[in-house]
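Asks: Can you read through this structure? Questions will come right after.
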Amino acid sequence: MSNADRPGRLGPELWDTTPGKWNADEDDTLICAHVRQETHDVKSFLFRALSPRLFRFRPGQFITLELEIDGEVINRCYTISSPPTRPDTLSITVKRHPGGKVSNWLHDNMRPGAKIKALGPSGEFSCTLHPGPKYLFLSGGSGVTPLMSMARTLYELGDDHDVVFVHSARSPRDIIFRHELAMMAHGTSNFRTAFVCEKIAETRDWSAPTGYLSLPLLKSIVPDLAAREIFCCGPEAYMANVRAMLREAAFDMAHYHEESFSFERQGVPLPEAKTVAPGAAAPVDTFKIEFTRSGRTIECRPDQFILDAARAAGMRLPFSCSKGVCGTCKSKKLSGQVEMKHGGGIRQREIDAGMILICCSKPLENVTIEK
């Protein structure tokens, strides 16, 4: 068997072609080239394009994977953990979550040679969009991935920026990229790392802080906190704690930036919406939104997103970012016009085919959706 015939291997033909740029409107297939075990429950998946392509993105951006699992098409956002300085490939780093449908499927099924659909890159969380003289990267758990892309980029460009990278984990064995971060700190004069673990577990030689990140601890690690551009990513509770600490420290929050792909809006109160009886006319200040598969018809105001109206009416629909960037709520519009202002989570050819993102679409008339 030749190298070209082996799953996940780069055949000679890939080196004989000058690659073009990955075009999110036209290119949508990635092939897994390598899987790397990072910790006991975290893996990195390295992808390349199906045909030679160069990926152009800002460190900190994400891609949206479209996966078919148990006959269901599921969209999930994952931050790119690799730097744009390695444009022939990109990687995502995924923690296995108990009961997590997508993370477990990736851990159990993604192998070199496997193909998946992807959209992006997208996102506005990047140090390249908010340059500063000094950076502070704060991460919790798998929230390390966008910050790792930024750190790798600065390191590989030889940019000796003043960076302090503070990562919180459950235990030393749960620290993702621990050895690579240590190598970067060793090879760069202005790059420092600090780890904070909830517990030591079975580790015997741990001398770093144990417990949770606090303001006194953060100030001891980063005395010049106020002079830094801060980037934070992690679980919502972690980021809420960081925001509270920074406000207590009177930090200028204009220099604070965060990213999360949980986008939990379940607790956010929504305007009350009503279900419309079949055949009944909607009030003049609302439009009827009919969902053909579920057999539901709801009211939606002209100034209201269809997803918000549907959730307020008690419908359970798949969504993730609620910002028009991930594509999870992508739906087929059978009739009616909407105003849609998306953030890159849908291709123009999909729009031309009648697809919409209901999280960022407002009705201009009665609308029928295949969902």
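Numbers 110 to 480, taken from the working numbering, label the letters of the sequence shown in order.
Quick reminder that beta carbons are idealized off the backbone N, C-alpha and C, glycines included.
On a predicted model such as this, the values are computed, not experimentally measured, just so you know.
#1: Report the option in 157, 139 and 287 whose CA atom is closest to the CA atom of residue 175.
#2: To which residues of the same chain is residue 463 closer than 7 angstroms at the C-beta, ignoring the five residues directly before and after it?
#3: Which same chain residues end up closer than 7 angstroms to residue 472 when comparing Cβ atoms and leaving out the 5 residues on each side of it in sequence?
#4: Quick one: is residue 368 buried, meaning 16 or more other Cβ sit within 10 Å of its Cβ, or exposed?
#5: Cα-Cα, which of 334, 162, 352 and 323 is closest to residue 342?
#6: Take residue 130 as the anchor and find which of 195, 228 and 165 has the nearest alpha-carbon.
#7: My output table needs one value for residue 199: the three-state DSSP class, helix, strand or coil.
#8: The beta strand (DSSP E) spanning residue 230 covers which residue range?
#9: Measure the CB-CB distance between residue 171 and residue 188 and report whether it falls below 8 angstroms.
#10: Can you grab the Cα-Cα spacing for the pair residue 243 / residue 180, in whole Å?
#11: By the DSSP assignment, the alpha helix (DSSP H) with residue 255 in it spans what residues?
#12: Could you say if the stretch 225-233 and the stretch 315-329 meet the contact criterion of at least three C-beta pairs nearer than 8 angstroms?
#13: Quick check on this structure: which residue in 350, 259 and 202 has the alpha carbon closest to the alpha carbon of residue 494?
#14: Whose C-alpha, out of 309, 320, 259 and 455, is nearest the C-alpha of residue 290?
#15: Which residues mark the beginning and the end of the beta strand (DSSP E) in which residue 405 is found?
#16: Since I believe residue 299 is in contact with residue 269 (beta carbons under 8 angstroms), could you give me their beta-carbon distance rounded to a whole number of angstroms?
#17: Look at the alpha carbon of residue 156 and the alpha carbon of residue 225, and state the distance between them as a whole number of angstroms.
#18: Distance, Cα to Cα, residue 302 vs residue 434?
#19: With DSSP run on the structure shown, which of helix, strand or coil describes residue 155?
#20: Are the CB atoms of residue 321 and residue 297 nearer to each other than 8 angstroms?
#21: Which residues in the same chain as residue 482 place their Cβ atom closer than 7 angstroms to its Cβ, once the five residues preceding and following it in sequence are excluded?
#22: How about the stretch 307-320 and the stretch 204-218: do they share at least three Cβ pairs that are nearer than 8 angstroms?
#23: Tell me residue 138's beta-bridge partners as DSSP assigns them.
#24: Could you check which residue in 167, 315 and 274 has the C-alpha nearest to that of residue 191?
#25: Can you list, in chain order, the residues of its chain with a C-beta nearer than 6 angstroms to that of residue 223? Leave out the 5 residues immediately preceding and following it.
#26: What is the DSSP secondary structure of residue 457, reduced to helix, strand or coil?
#27: Looking at the unbroken beta strand (DSSP E) that takes in residue 187, where does it start and where does it end?
#28: Among residues of its own chain, excluding the 5 on either side of residue 237, which ones have a beta-carbon nearer than 7 angstroms to its beta-carbon?
#29: Would you tell me roughly how many angstroms separate the C-alpha atoms of residue 479 and residue 426, rounded to the nearest one?
#30: Whole angstroms is fine: what's the gap from residue 208's alpha carbon to residue 185's?
#31: Under 8 angstroms Cβ to Cβ from residue 424, same chain only, skipping five residues before and after it: list those, please.
#32: Classify residue 366 as helix, strand or coil using the three-state DSSP reduction.
#33: Measure the C-alpha to C-alpha separation of residue 345 and residue 151 and round it to an integer number of angstroms.
#34: Which residue's Cα is closest to the Cα of residue 254: 196, 365, 455 and 204?
#35: Strictly by DSSP, which residues pair up with residue 343?
#36: For residue 279, count neighbouring C-beta atoms within 10 Å of its own C-beta (all shown protein chains included) and say buried if the count is 16 or more, exposed if not.
Replies: Walking through what the data contain:
#1: 139
#2: 441 and 442
#3: 396, 398, 409, 411, 415, 445 and 447
#4: buried
#5: 352
#6: 165
#7: strand
#8: 224-231
#9: yes
#10: 48 angstroms
#11: 253-265
#12: no
#13: Residue numbering for the chain in the displayed model covers 110 to 480; residue 494 lies beyond these limits and cannot be assessed.
#14: 259
#15: 405-409
#16: 5 angstroms
#17: 9 angstroms
#18: 31 angstroms
#19: strand
#20: no
#21: Look at the range of the chain in this structure, 110 to 480, and you will see that residue 482 is not part of it.
#22: no
#23: 226
#24: 167
#25: 141
#26: helix
#27: 181-188
#28: 167 and 168
#29: 12 angstroms
#30: 15 angstroms
#31: 400, 403, 405 and 407
#32: strand
#33: 19 angstroms
#34: 204
#35: None, per the DSSP bridge assignment.
#36: exposed
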